[in-house]
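Written below as C-alpha cells is the structure these notes are about.
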Amino acid sequence: MPKLIKHFSHLVLPVSVMTLLIIINLIKGADYFRITMVNGAFYGNIPNILFGASELVILSIGMTLVTAASRGQDISIGVSATITSAVFVQYVLQAGEVTLLTIVVGFLLSCVIGLLLGAFNGTLVSVFKVQPMVASLILFTGGRSIAFMIDGKLSPILANDISNQIGTVIPGVPIQTPIILTVVFIALVAVLFKTTNLRLYVETVGINPNAARLNGINPKKIIFLTFLIMGICTAVAGFIAVNKAGRHDSVNLLKLIMMDAILAVAIGGNSLIGGKFSITGAIIGAYTIEMLNRTLLRLEIEPATIKVFKAVFIIILMVLSSPVVRVFMKKALDRFRSWRLSISQPKENALSTTNIAEKKEE
Amino acid sequence: MLSETILEMKDISKSFPGVKALDSVDFKLRKGEIHALMGENGAGKSTLIKVITGVYGKDAGLITLQGESIHFKAPEEAQNKGIGTVYQEIMLCPNLTVAENMFIGRSHSLVVNWKQMNEKAAQLLDSLGIPASPVQELTSCSLAVQQMIAIARAVDMDCKILILDEPTSSLDEDEVHKLFKLMRELKARGVGIIFITHFLEQVFEISDRITVLRNGKLVGEYETTSLSQIELISKMLGNVLEDITKIQKHEPIVSDTSIPVFEGIGLSSAAGVRPFNFVIQRGEVNGFAGLLGSGRSESARAIFAADKVTGGEVRMKGKSVKIKTPLHAIKQGIGYLPEDRKGDGIIDDLSVRDNIILTLQVMKGFFKPFSLKQAETFAEEYIKKLNIKTPTPDTPIKSLSGGNQQKVILARWLLTNPEFLILDEPTRGIDVGTKVEIQKLVIKLANNGMSLTFISSEIDEMIRTCSRLIVMKDREIVGELKGTELTETEVMNVIAQGGKNPCLN
Amino acid sequence: MKKALGVLMILVILGSGVLFAAGQKESGLIKVGIVNLPPEESGYRQANVEDMNNVFSVANGYDAKQTNTLDNSEQIAAAKGYIRDGVDYLLISAANASGWDDTLKSAKDAGIQVILFDRAIDTNESNYQAAILSDMAYEGEKAVEWVLSLGLDKINLILIRGQMGSAAEIGRSAAVLDAAKAGKLNIVADGTGGDSWSLEEARKVVEAAIAAGKDFNVIYAQNDGMAQGAVQALQAAGISHGKGGKVKIIGFDFNRFALRNVQAGYWDADMQCNPRQAAEISKWIKSGKMPSGVVYQEELLLTTETISDELIAKWGINADPGKGVITR
Ligand SMILES: Nc1ncnc2c1ncn2[C@@H]1O[C@H](COP(=O)(O)OP(=O)(O)OP(=O)(O)O)[C@@H](O)[C@H]1O
Ligand SMILES: [Mg+2]
C-alpha cells in the first residue's frame, strides 16, 4: 500500500482537488451523481463534464508532452485547432453529399494540416531554439486570420447529419460521441506509450538534453516529435469542437483553451519546466478544471465575479503545488516521521542494523 | 594549547525512504583544524554536511555552533552564519558570468555594483590562480575551473567554517596545491575546515584529524598522524583492501594481420583539438594522459562525436564508417562515459533502472521498448555486479550518493556491451575500494576482447591499467609511451618537453 | 552647371505640381478615410467592412482609403495620415474609446468632418461631427418587450451575458435587469459566455440551471453563438424549445444561421445589431444634410411570425445555411 501511494504521489494534487470539488458539489445537492436517460443517451452532471472537457483533455495530453520535452508551452493550440477545423469544414462543404467517407477524409486532411502547424512550431523550437511560447506566438497572433480566410470570410455552417451525430449522439449509442472519441484518443495515446519509448525519450530530453544526445537520442527530433503529436491533438480537438458547435466560428473557437490546458498540465502534478511528466495527471487535471468551471456555475456565483473566483482558486492551487510549498511540506513530513520514529525507535533500529549486516556479507 | 570546538554534532540521524543515511553520528570540528571526513560511496558524508547547512532537516540529534544550538532551515542561513560550503555537485548557474556566480545571492544589498563586483572577482580569481575572466560565461569554463569558482564562491575571508565536499575530484595536482595553500592560510586564521575526498594522499598531506563513517554510522575520530593508509582503508571498508599492485596488466590481442577495432585519421571537432590520429586494437587498453585542459577529454569526445565533428575519417575493423553523431558511434559499438557526470551523464529525475537501460534501449529502437520485467532484470544484474547502493531500482538516481551515480552511468555503458569503450574519469568520486574494483573490471573487459580508452587525472591509475599512453599538451598529441616507458616521471617528462617521442604518424 | 541644375529642379517641381493638380481635378471624387477594425474581428465586422467597401466605391463617387486594425495606436496613426492627405471625411470605428482627442482636434482644425460609426469615443461631442451607433440599450429594451409580450404566465428567464463590461453586455442586460426589478420577470440563472462570448460557456450555464432543477421558459442570450450553445444544452436534456416548445429562445446579431433557425421555429426571435451604417453616412454626405451628435440606427427584431427570406437576405450577416436548414 505505501508503495502504491508513492507510485501515485504525483496524482495527489489533482485527485485531492477533484475530491474537494465533488464534496462541494455534493453539499450543494446530493443528486450530483444522478444519471438519467434522455433521448436514449446518458444525461447528468458527470456526462456533461465528460462531454464538455473532451477538447481540453485532448489538448492537455499534447501540452504535457510539449512541456516535458521543450520545457515550455505552446500557446497556439486553440488557433491551430481553428485552422485544422476550418480545413475540415471546407472539405466537407465542397462535397455534394456528405458521407462518412467525406467526414473521415476531411478529418484526415485536417490531421495533415495539424501536423504541418505542429511542424512549423516544432521547427522554430527545435532547430531555431526559439522559446516555445514565443514560437507559438506567431501562429497565435496570425492564425485566426488564416482560418478566417479559409472560411471564405464567413462562419460556415456544418449542418449535416453525420456532423450532428459526432457533435451529439449516434442513435442507439447511449454515450455522447465526443466522450467516446476522447476515450478512443486516450486509448490510442496509451497504446503509443506502451509500444514505443516515447516516455523515456521525452523525459530524458526534458531533464538533460546533453546527456540525451550523448546516449544517442536526438533532442531536436524528440522536441519536434512532441510538436507533431500536439498537431494531431489540435486536429482532433478542432474536429470535436467544430462538430459540437455545428458552425465554424474562426473568431471564438477554442479561444482561451491554452490557458486551461497549461493549467491542466500543472494541476496534473507536472512541472512546467519540463522533465518527468504524467499524462494521467494532466487528464485528471483537465476534468478537474471542467468540474471547477461547472462548480462555480452550480454555486451560482455572479457572472461579474466568476473569473475572480476561478483565479483565486487557481492561485491557491498553484501555490500549494509550488516547489517552495512542496519542500516545506516535505520537511514538515520529515519532522513528523522522525517524531514517529523516535516513538518506535528500538524496533526500527534493530531492523536497519540487520539490513546492513546482510549487505556487507555479499 | 587547548583547541576550541566550533562545531559539535551529537547523535545525528537522518533517513531517506529506504535508507538510513546517518545513524547516531557524532562529529566535532575544532578551531583552526582541517578535518577529513572519510568513507565509502554512500557512507553518508555528503548527507552529514547537508544536515549541517540545512539542505536536509535532521531526524534526530543536536548541532551546536560555538556553544549555541543551531537549526538552519536553508543553506543561506548557514552561509550568513559564516559557514561556506562547496557541495559535491557544482551548484552554479551556467548562464551567468563567473563574477555573478561568485557573488550573486551572497551580498545583502539588492543593488549590484557591477564594476565593483567584477573587480573583486578578478582579485579573488587572481589570488587563487583561477584562469578565468570575471565577465566570462560560466559554461565556457572547463569543469575544473568551474570547481575552482565554486570554491572561490564559498571562501569568505571571514568565515568560521569552510566545508569542501570532494573539491579536488576534477582538479590537477597544481590546482590541488593552490587549494591546499589556501586551506592552510585559512587554517592559520582559525577557520575550521571539513574536507571530503577519496584521495588518501591528500588526506594525509593536509588533514589534522579524520572522522570515518561507514554505512551511516560513525566508525571513529582519529589524529591523522596516528593512522596509516592501510589502517584508514580498513576502517573505511571494514575489511582489508586487496593489494592493487597485484593487478595484472593486459596486453592487446594483436597479430601482424589484425585490423584495429577503431582507426581515426585526422579527427577534429568544434571543441578545438588539433586534427589527430587514433588507433586501438582489440583487447587493448590505452589512455590519454595530460594536464587539465590539454585536450584529453576533447579528443575522446571527438572520437565519439560528442562535439560537432569538423573533419576526419573513421574505420571500424577496417571498414570506413560515418560517425557524425553519438548515435552513429553507439551503433558502431562505441561507448563513452562522460567526464561531467551531472551535466552529461545522469538523467537526474529518472530512476536508477531507466538510467541503466537508457542507452541499450536507444540502441534497440524507439518502437521496441523493453518490458518492465526485462528492464528490471538488467538493472538488478548491474546493481549487484557493481555493488550500487540504492534502496530500489526505482529510486531516482539523484538521490544516490555521487559515487553510486557514477557506477550507474558505468553500468549503462557496460550493459550495451560495446566493442570500444571510452572511460573519461570513470573513478571520479569513487571510493578507494571501488576504484580498485573498476580497474580490475577494465582489465577483465579487455581480457574478454573489449577495447578501452581510459582517461584519468590520476596518472598512476592509468599506468596501472593502460598498455599504451597517448600524451597530450595544448590540445595536441605530443607523445606516446608504451611498455617500460610507462612511468609517472616519463609522462611528466613528455609533457614538460612537449614531445620527446613525437609520434604523429 | 549649378544654374542648369537649378533650372532643371524648378522644371521638375513645376511639372510634378501640374501633374498632381491634374490628378486631383480629374478624379472629382469625394475623398474619404475609413479607420475600422479588421473583418476577422467578428461576423459583424466582416459585414461592416464589406458594406463600407460597397458603398464608398468609385462607382458611387468616392475615393476611399481604409485601414483596418485592432491596434488603437495604429488606428490613430492611420487617421493622422488621412488628415495629412487632406481627406474630406474621416470615418472612425475606434478600437479603444480613449486617446483620440488630439487626432480629432487636428481633423477639426483641418476642416475635415469626422463621423464615428458603430463605436463611440470618449471625447467632447464638439470634437466630431456625428456618430452613428447601435443603441445597445434600445436593443435590450426591444428584446425584453418581446419577451414580455409572449403572454407567458410567469416569465422565468435565463440571462446569458456577453463579455462582462462591454458596451453590448451592459446595454443588453440593462433592460432585463430593470424588468426583473420591476417584477415583470424572474431571472432564474444569470451567467456569461465570458470574454469570447463562448458557445460552450453558454451551454454550461444552461446545463447548470437544468442540473439545479431550475424551472425556466425563456433564454435570453446576448449573441447568436451563445443562444446556439444554450439550445444545444436543451436538446441534450430533452427540453423542448422554439415554436410551440417550452422554452423561448432569443439571440442577438442577426447571423443568417440564427435567422434561419427562427424561420424554422427552432428558435423564437433574434434582435438585430446593424453593421450597415455606410448607406446612411453616404446619404448624409451626398445630401449635405449632416446631422450633429449621436444618431442611433433603427434596428429590427424578427420573430417566427415576422421573418421572411427577403429580410434574411437583406439584413442578415454571415453565411446563409439555406432555407429550412437548422444550425444545431
Ligand atoms: N536526497 C536523497 N534522497 C534519498 N536518498 C538519499 C538522498 N541523498 C542521499 N541519499 C542516500 O543516503 C546515503 C548516503 O549518501 P551520501 O550522499 O551522504 O553519501 P556520500 O558518503 O557522500 O557518498 P559519495 O562518496 O558517493 O559521495 C546513500 O545511500 C544515498 O543513496
Ligand atoms: Mg558525497
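Chains as they are written, first to last, in the numbering used here: chain A, 1 to 362; chain B, 363 to 867; chain C, 868 to 1195.
Just so it is clear, CB atoms sit at the ideal spot from N, CA and C, and this is done for glycine as well.
Can you pull the chain A neighbours of residue i, defined as C-beta to C-beta under 9 Å?
i                       : result
residue 798 of chain B  : Residues of chain A passing the Cβ test: none, with the nearest at roughly 17 Å.
residue 1182 of chain C : The premise fails here: residue 1182 of chain C is roughly 16 Å from chain A at the closest Cβ pair, so nothing lies under 9 Å.
Determine which residues share a DSSP beta bridge with residue i and list them.
i                       : result
residue 392 of chain B  : B:367
residue 985 of chain C  : C:1000
residue 786 of chain B  : B:817
residue 1098 of chain C : Looking at the DSSP assignment, residue 1098 of chain C forms no beta bridge with any residue, so it has no partner.
residue 499 of chain B  : B:459
residue 933 of chain C  : C:901
Taking Cβ to Cβ, would you say residue i is nearer than 8 Å to residue j?
i                       : j                       : result
residue 138 of chain A  : residue 98 of chain A   : no
residue 718 of chain B  : residue 740 of chain B  : yes
residue 1140 of chain C : residue 1006 of chain C : yes
residue 425 of chain B  : residue 460 of chain B  : no
residue 648 of chain B  : residue 831 of chain B  : yes
residue 974 of chain C  : residue 938 of chain C  : no
residue 1104 of chain C : residue 1191 of chain C : no
residue 748 of chain B  : residue 783 of chain B  : no
residue 259 of chain A  : residue 49 of chain A   : no
At 8 Å on the CB atoms, spell out the chain A contacts of residue i, in chain order.
i                       : result
residue 906 of chain C  : 148 and 153
residue 1105 of chain C : 38, 39 and 43
Name the chain A residues that come within less than 7 Å of residue i, Cβ to Cβ?
i                       : result
residue 707 of chain B  : 211
residue 1074 of chain C : 48
Please list, in chain order, the chain C residues whose beta carbon lies closer than 7 Å to that of residue i.
i                      : result
residue 310 of chain A : Residues of chain C passing the Cβ test: none, with the nearest at roughly 10 Å.
residue 178 of chain A : Ordered by position in chain C, no residue passes the 7 Å Cβ test against residue 178 of chain A, which lies about 11 Å from the chain.
What would DSSP say about residue i, mapped onto helix, strand or coil?
i                       : result
residue 892 of chain C  : Residue confidence is low: residue 892 of chain C scores 41 on pLDDT, short of 50, so the model does not pin down where it sits. Its coordinate-derived value is still stated next. Three-state DSSP puts residue 892 of chain C in a helix.
residue 461 of chain B  : helix
residue 178 of chain A  : helix
residue 545 of chain B  : helix
residue 992 of chain C  : helix
residue 424 of chain B  : strand
residue 353 of chain A  : With a pLDDT of 37 at residue 353 of chain A, under the threshold of 50, the modelled position of that residue is not reliable, and the figure given next carries that caveat. Looking at residue 353 of chain A - three-state DSSP - the assignment turns out to be helix.
residue 688 of chain B  : helix
residue 1051 of chain C : coil
residue 345 of chain A  : Note that residue 345 of chain A scores a pLDDT of 49, beneath 50, so its modelled location is shaky; the value from the coordinates is reported in the next line. Looking at residue 345 of chain A - three-state DSSP - the assignment turns out to be helix.
residue 381 of chain B  : strand
residue 321 of chain A  : helix
residue 579 of chain B  : strand
residue 628 of chain B  : strand
residue 270 of chain A  : coil
Among the options, whose alpha-carbon lies nearest the alpha-carbon of residue i?
i                       : options                           : result
residue 1102 of chain C : A:144, A:211, A:280 and A:40      : A:40
residue 42 of chain A   : A:121, A:180, A:90 and A:101      : A:180
residue 257 of chain A  : A:267, A:229, A:131 and A:286     : A:286
residue 979 of chain C  : C:1188, C:901 and C:937           : C:901
residue 1032 of chain C : A:305, A:165 and A:128            : A:305
residue 279 of chain A  : A:212, A:187, A:220 and A:96      : A:187
residue 628 of chain B  : B:593, B:644 and B:676            : B:676
residue 557 of chain B  : B:650, B:576 and B:448            : B:448
residue 870 of chain B  : B:375, B:702 and B:445            : This structure cannot speak to residue 870 of chain B, because chain B is shown only from 363 to 867.
residue 1181 of chain C : C:1165, C:1173, C:1172 and C:1123 : C:1123
residue 81 of chain A   : A:72, A:311 and A:231             : A:231
For residue i, which residues in chain B fall below 9 Å Cβ to Cβ?
i                      : result
residue 270 of chain A : Residues of chain B passing the Cβ test: none, with the nearest at roughly 12 Å.
residue 410 of chain A : Nothing can be reported for residue 410 of chain A: it is not among the residues displayed for chain A, which extend from 1 to 362.
Heavy atom of ligand 3 less than 7 Å from the Cβ of residue i, yes or no?
i                      : result
residue 633 of chain B : Questions concerning ligand 3 fall outside what the structure shown contains, since the ligands it does hold are ligand 1 and ligand 2.
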